[in-house]
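Asks:
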Amino acid sequence: MAEVLVLAGPGKTRATCALLTLARRIGTPAVALGGPPDAKTAAALGRFGATTIYSVTAPEMDRHPVAARVELLVHLAHRDPPAAILVASGRDGLEIAGRVAVRLDSGFLSDVIDVTAGPDGPVATQSVQGGAYLVESRVVRGIPILAVRTEQVTVVPAPSTPTADRAAPATPTVDPPTTPAVNRVTPATPPVDPPATPAVNRVTPATPPVDMPTTPPAPPATPAVNRALAATPVVDRVRMTFPESVRAVRLIARGPTRPRDLSTAAVIVAGGRGVGSPEGFGLVRRLAAALDGVAAGSHAAAEQGWCPREMRVDQVGTIVHPSLYLALGISGSLRHRTGMHGAGTIVAVDSDPDAPIFRLSDLGAVGDVHQVVPELLAEIERRRAHPVIGVDENEVTDEEE
Amino acid sequence: MRIVVLVKQVPSTDVGLSFAPDHTVVRDGCPAGLNAADSCAVDQCLQIAVRRRDIQITAVTMGPPAAVGALRTALVLGADTAVHVRDEALHGSDALVTSRVLAAAVARLGFDLVLCGSSSADSGMSAVPAMVAERLGVPALCFADHLVVRERKVEIHRDDGCGDRRVFAAAPPVVVSVTERCGEPHYPRYESRLDARDKLISVWTLDTLGIEPAEVGLSGSASVVHSTTPRPGTRPAALAMGDPTSVAIRLADFLAERQFL
Ligand SMILES: Cc1cc2nc3c(=O)[nH]c(=O)nc-3n(C[C@H](O)[C@H](O)[C@H](O)COP(=O)(O)OP(=O)(O)OC[C@H]3O[C@@H](n4cnc5c(N)ncnc54)[C@H](O)[C@@H]3O)c2cc1C
Ligand SMILES: Nc1ncnc2c1ncn2[C@@H]1O[C@H](COP(=O)(O)O)[C@@H](O)[C@H]1O
Chain A
1 MAEVLVLAGP GKTRATCALL TLARRIGTPA VALGGPPDAK TAAALGRFGA
51 TTIYSVTAPE MDRHPVAARV ELLVHLAHRD PPAAILVASG RDGLEIAGRV
101 AVRLDSGFLS DVIDVTAGPD GPVATQSVQG GAYLVESRVV RGIPILAVRT
151 EQVTVVPAPS TPTADRAAPA TPTVDPPTTP AVNRVTPATP PVDPPATPAV
201 NRVTPATPPV DMPTTPPAPP ATPAVNRALA ATPVVDRVRM TFPESVRAVR
251 LIARGPTRPR DLSTAAVIVA GGRGVGSPEG FGLVRRLAAA LDGVAAGSHA
301 AAEQGWCPRE MRVDQVGTIV HPSLYLALGI SGSLRHRTGM HGAGTIVAVD
351 SDPDAPIFRL SDLGAVGDVH QVVPELLAEI ERRRAHPVIG VDENEVTDEE
401 E
Chain B
1 MRIVVLVKQV PSTDVGLSFA PDHTVVRDGC PAGLNAADSC AVDQCLQIAV
51 RRRDIQITAV TMGPPAAVGA LRTALVLGAD TAVHVRDEAL HGSDALVTSR
101 VLAAAVARLG FDLVLCGSSS ADSGMSAVPA MVAERLGVPA LCFADHLVVR
151 ERKVEIHRDD GCGDRRVFAA APPVVVSVTE RCGEPHYPRY ESRLDARDKL
201 ISVWTLDTLG IEPAEVGLSG SASVVHSTTP RPGTRPAALA MGDPTSVAIR
251 LADFLAERQF L
């Protein structure tokens, strides 16, 4: 059974575990890590099925994270071609995956939300147009390179018995095409019991999706896949030299964003009629501040005078293109949607499960803004105060941030 | 300074995608236009040209006959010339093939700077710019929210959320992809619209680029699509329900996973 290479992302513990969850279905997972693993890291990765950790310690890994990781993956693939390479989506992940695909002349699938083993290699399910289509595809040349939307994957630790992988399919949290447009979905929280997490985390249900999936369940894992699972992985310290070209892109400055302008903001939190009052709009500002974003309002909020007109997002106000648009109490009229549908990630909180905004959202939260937002602010604060937050890539735990 | 800007014709967002029996996007006879991020890329070329005299801007697209619309728009917005890579054999090309063809066209033109959109509205892989850079053997600066081009240095500012703003630099020749946050394209002047009619659009085929038809299109691609299944509604949300605390935790999990926390 060939190895499946998983790229560990800096500070992306859960994402790495999600990749391992999928990798187990198609081979023996191994992790490529930029930096030295400590015992805790190794144990955690082992718990999710990693059998080997290829670790490279070099200044290039920190200074030129994208180019150095491309070199690392290509180096490992040349040494011993893996059955597939899995990378978490995201700006750096997509660049790494694309470059590796070219180097290895190998097929590259993006927006992957599920993987199963097929007779001719891994079959990927891709989420297209924000989920409007599910596409099943396969790589037919080279080493399959998969960029996975890890937030769609339910993280499952490696089973201790050979059949357990079947019992706990790590189905992505998507709904079948036969069900209504908007559906309840299970959380992406790992169904493990993180020892150090606040007790409150247990409130989230850890069950797999109830209304089960179009994606066929993983075929029976072969004993060969499972034999080595859940043991402490072997650490293989890889020595490699980097070509001069890895230093071509330099990080020359880094600092906090000072968002001034709605039209160029990366994160926008907007409030609508549902925030109810000028005081309610205070929640919008607080959440925007907590996420280092800019506060904005819908047409309705501006009409009511809860926010100034310059803050209005819609067709005739400002058209925005943030990476994250968080809508609070905005039903999502056509004029509003025209102003924000280009956002990368859309999250909405609204009390009406049928609000049109949910049809545009990557995640919808059904609830009262006045109850959910204060809880969210508290949760953000709790995570920031918690010592495991902001773990560096070496400090991999099985904990959700 | 020679700038090549890669532009793609994409189906209008309000119509959405539909797929043909061979699982490729239906591109004929549906409303389409220049990809929004690409129009920002063209505009950035002009911003560079405002400060220098010796700028030559060439817009390049790879696409079926109707994709010429993207080039016309790029010329109206201010590109000097255009190249349309067009060949029946290219139908169904994956990103690996697309990047190969685009890199061959760019190499043939010669370049100091290649500008792209950061993502296309139809398939939106956000990988083609980096793949083109890899093939050309030059650095890539991807997802620029702000672009500064100096004589010996290209600089991008990138806002990755969580209040993390980073500035990357590389020496040209380099590939840059820009987000729509770079700014809306300036509305073209009337003369610019008139001029655009006289600008040259060259049509190149695989033969022009010395690429074998068997190495592109559905047969030459390294990935195949088995099925495309529409899901009712447009962008069906995952819905978190329940008591406010668990809903808030689900939200925080999601934001953390997408690196916003
Ligand atoms: C729904 C869907 C899913 C797909 N999934 C995959 C997949 O997983 N793997 C795969 O290999 N292929 C896939 N393809 C095919 C792939 O999208 C095409 O090869 C496409 O030409 C390149 O990808 P993109 O438009 O997503 O590029 P992006 O990387 O999103 O485009 C970024 C920029 O690159 C430039 N650019 C991209 N294409 C062109 C072009 N034709 N002409 C000029 N400039 C261009 C533009 O500046 C654009 O803004 C998919 C196609 C569809 C319709
Ligand atoms: N006849 C054609 N000539 C050149 N490029 C094409 C042609 N048909 C499709 N393409 C391009 O090939 C890529 C894949 O498109 P599709 O055929 O829709 O899968 C896209 O970038 C299209 O613009």
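Top to bottom, those sequences are chains A and B.
1 is the number of the first residue of the first sequence in our numbering; add one for each residue after it.
1 is the number of the first residue of the second sequence in our numbering; add one for each residue after it.
The C-beta atom is built at its ideal place from N, Cα and C for all residues, glycine as well.
Against chain B, does Glu3/A count as a neighbour if the rule is that its beta carbon must be under 7 Å from one of theirs?
Replies: no
Asks: Any residues in the stretch 119-143 of chain A with a beta carbon nearer than 8 Å to a beta carbon of chain B? Which ones, in chain order?
Replies: Val123, Val128, Gln129, Gly130, Gly131, Ala132, Tyr133, Leu134, Val135, Glu136, Ser137, Arg138, Val139, Val140, Arg141, Gly142
Asks: Between which two residues does the beta strand (DSSP E) holding Pro230/B run?
Replies: 223-230
Asks: By a C-beta neighbour count over all protein chains shown, 10 Å radius and 16 as the cutoff for buried, is Leu33/A buried or exposed?
Replies: buried
Asks: May I ask you to list, following chain order, the residues of the stretch 351-369 of chain A that have a beta carbon less than 9 Å from some beta carbon of chain B?
Replies: Pro353, Ile357, Phe358, Arg359, Leu360, Ser361, Asp362, Leu363, Gly364, Ala365, Val366, Gly367, Asp368
Asks: Report the residue from Ala196/B, Ser119/B, Ser18/B, Leu209/B whose alpha carbon sits nearest the alpha carbon of Cys30/B.
Replies: Ranking Ala196/B, Ser119/B, Ser18/B, Leu209/B by Cα distance to Cys30/B puts Ser18/B first.
Asks: Figure out for me which residue from Val128/B, Asp159/B, Ala121/B has the closest Cα to the Cα of Gly16/B.
Replies: Looking at the Cα atoms, Ala121/B is the closest of the given residues.
Asks: Leaving out five residues on either side along the sequence, give the residues of the same chain with a beta carbon under 7 Å from the beta carbon of Gly118/A.
Replies: Cβ-Cβ distances below 7 Å link Gly118/A to Arg138 in the same chain, with the five nearest sequence neighbours on each side left out; the list follows chain order.
Asks: Whole angstroms is fine: what's the gap from Pro157/A's alpha carbon to Asp352/A's?
Replies: 35 Å
Asks: Are the CB atoms of Ser331/A and Ala296/A nearer to each other than 7 Å?
Replies: no
Asks: Establish whether the CB of Cys142/B and some CB of chain A are separated by less than 7 Å.
Replies: yes
Asks: Can you tell which of Asp43/B, Ser126/B, Thr245/B, Ser93/B has the C-alpha that lies nearest to the C-alpha of Ala214/B?
Replies: Ser93/B
Asks: Would you identify the three-state DSSP class for Glu3/A, choosing helix, strand or coil?
Replies: strand
Asks: Would you say Met311/A touches ligand 1, meaning its beta carbon is less than 6 Å from a heavy atom?
Replies: no
Asks: For Cys17/A, name the three-state secondary structure that DSSP assigns.
Replies: helix
Asks: Please state whether DSSP places Thr125/A in a helix, a strand or coil.
Replies: strand
Asks: Check the C-beta distance from Leu262/A over to Val320/A and give it rounded, since I have them as a contact under 8 Å.
Replies: 6 Å
Asks: Just verifying my parser: in three-state terms, what is the DSSP assignment at Thr41/A?
Replies: Thr41/A falls in the helix class under three-state DSSP.
Asks: Asp94/B: beta carbon under 6 Å from a heavy atom of ligand 1?
Replies: yes
Asks: Which residues of the stretch 292-311 of chain A have a Cβ closer than 9 Å to any Cβ of chain B? Give them in chain order.
Replies: Asp292, Gly293
Asks: What are the residues of the stretch 254-280 of chain A that lie near chain B, defined by any Cβ-Cβ distance shorter than 7 Å?
Replies: Arg254, Gly255, Pro256, Thr257, Thr264, Ala266, Val267
Asks: Check the Cβ-Cβ distances between Ala288/A and every residue of chain B, and say whether any is below 7 Å.
Replies: no
Asks: Any heavy atom of ligand 1 closer than 6 Å to the CB of Asp38/B?
Replies: yes
Asks: Which residue or residues does DSSP assign as beta-bridge partners of Tyr133/A?
Replies: Val128/A, Pro230/B
Asks: Identify which residue in Pro122/A, Tyr325/A, Gly364/A, Ile380/A has its Cα closest to the Cα of Leu86/A.
Replies: Pro122/A
Asks: Compute the beta-carbon to beta-carbon distance between Ala222/B and Arg141/A, rounded to the nearest angstrom, for a pair I have assumed lies under 8 Å.
Replies: 4 Å
Asks: Tell me whether Ser18/B sits in a helix, a strand or coil according to DSSP, three-state version.
Replies: coil
Asks: Listing by chain order, which chain A residues have their CB less than 7 Å from the CB of Ala89/B?
Replies: Chain A residues near Ala89/B: none, gap ~17 Å exceeds 7 Å.
Asks: Between the Cα of Ser119/B and those of His226/B, Arg181/B, Val203/B, Arg27/B, spot the shortest distance and give me the residue it belongs to.
Replies: Arg181/B
Asks: For Gly107/A, would you say it is in contact with chain B, using Cβ-to-Cβ distances shorter than 7 Å as the test?
Replies: Chain B contact via Cβ: present.
Asks: Look at Gly339/A and Asp362/A and say whether their C-beta atoms are less than 7 Å apart.
Replies: Taking a C-beta distance under 7 Å as the contact criterion, Gly339/A and Asp362/A do not qualify as a contact pair.
Asks: For Asp105/A, count the other beta carbons within 10 Å of its own beta carbon; 16 or more makes it buried, fewer makes it exposed. Which is it?
Replies: Asp105/A is classed as exposed because its beta carbon has fewer than 16 other beta carbons within 10 Å across all chains shown.
Asks: Counting only Cβ pairs nearer than 8 Å, list the residues of chain A close to Phe111/B.
Replies: Ordered by position in chain A, no residue passes the 8 Å Cβ test against Phe111/B, which lies about 16 Å from the chain.
Asks: Below 6 Å CB to CB, which residues in the same chain sit around Ala167/A once its five sequence neighbours on both sides are set aside?
Replies: Residue confidence is low: Ala167/A scores 38 on pLDDT, short of 50, so the model does not pin down where it sits. No coordinate-derived value is stated.
Asks: Using a C-beta cutoff of 7 Å, does Ile252/A count as contacting chain B?
Replies: yes
Asks: Suppose the cutoff is 6 Å on Cβ atoms and the five residues either side in sequence are ignored; what does the same chain contact list for Val203/B look like?
Replies: His84, Arg86
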